[in-house]
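Number 183 in the working numbering belongs to position 183 of the sequence shown; there are no gaps in the numbering.
Using N, Cα and C, we set each Cβ at its ideal position, and we do this for glycine too.
Single-structure report; data block below.
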Amino acid sequence: MTDKNQVEELEKDTTTEETTAQDTAIPVTELTPEEQWQQEKEKLQQQLDESRDKFLRKVAEFENFRKRTMRERIDLTKTAARDTMAALLPVLDDFDRAKKNAGEEGLGEGVQLVQNKLVSILQQKGLTAMESNGEAFDPELHEAITEIPAPTEEMKGKVVDTVEQGYYLGDKIIRYAKVVVGK
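What follows is the structure in structure tokens.
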């Protein structure tokens, strides 16, 4: 019996080894030339799509750069004279003070012509005066120097007097108006 059992065990071992070898063997299937060509085509199409996407992104990035530099150049041109304009504003203030102090006598005709000429040249270059008197106080436009009791009820919270005129260069403020506010 032992011989018979040993033979049976040997047969079992060989059959399990065969099935295990068959189960673990990786089937090798060869791709047909058509399938290989299709895979290569898909790979190349994917690379082409990636390259096209990178190219389009670079073109868009360059366009944005070009537009941004154009805007910056326009802004720079508009405000290039900002420092010069700001330096000339005290001269305008002196003309305004001279006008107020001259009273009825008035300024000499020559001084008046110089002031008018200076104002017109600055306006041509984009300088505009800020209107403040009677306007509601806006801390983004006005610098409050002091508060005084409002002469009328409707002047509360509004600009009663302008001590120093504010100015715009184009659409940007180059000097805030110094004002007296009614409370």
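Proximity to Val119 across Glu143, Gly108 and Met85 peaks at Met85, based on C-alpha coordinates. With contacts defined as CB atoms closer than 8 Å, Arg175 and Leu89 qualify as a contacting pair. Inclusion of Gly182 and Ile148 in the CB contact set at 8 Å is warranted, their separation being smaller than that value. Nearest C-alpha to Phe95 among Val180, Glu164, Ala177 and Lys172: Glu164. Looking at the DSSP output, Thr128 sits in a beta bridge with Tyr168. Of the candidates Lys172, Gly110, Thr69 and Phe62, Lys172 places its Cα closest to the Cα of Ala129. According to DSSP, Glu42 shares a beta bridge with no other residue. Burial of Val159 is indicated by the presence of at least 16 other C-beta atoms within 10 angstroms of its C-beta.
For the 8 Å CB-CB criterion, Leu127 and Tyr167 form a contact. The three-state secondary structure of Gly182, taken from DSSP, is strand. The alpha-carbon separation between Arg97 and Glu72 amounts to approximately 37 Å. At least 8 Å separates the beta-carbon of Thr162 from that of Asn116. Taking Asp83 as reference, the option from Thr146, Gly157 and Lys125 with the minimal CA-CA separation is Lys125. Looking at the DSSP output, Ala144 sits in a beta bridge with Val179.
Taking the C-beta atoms as reference points, Val179 is found nearer than 8 Å to Ile145. Straight across, the Cα-Cα distance linking Leu31 with Thr69 is about 55 Å.
Gly110 sits away from Ala136, with the two beta carbons spaced by 8 Å or more.
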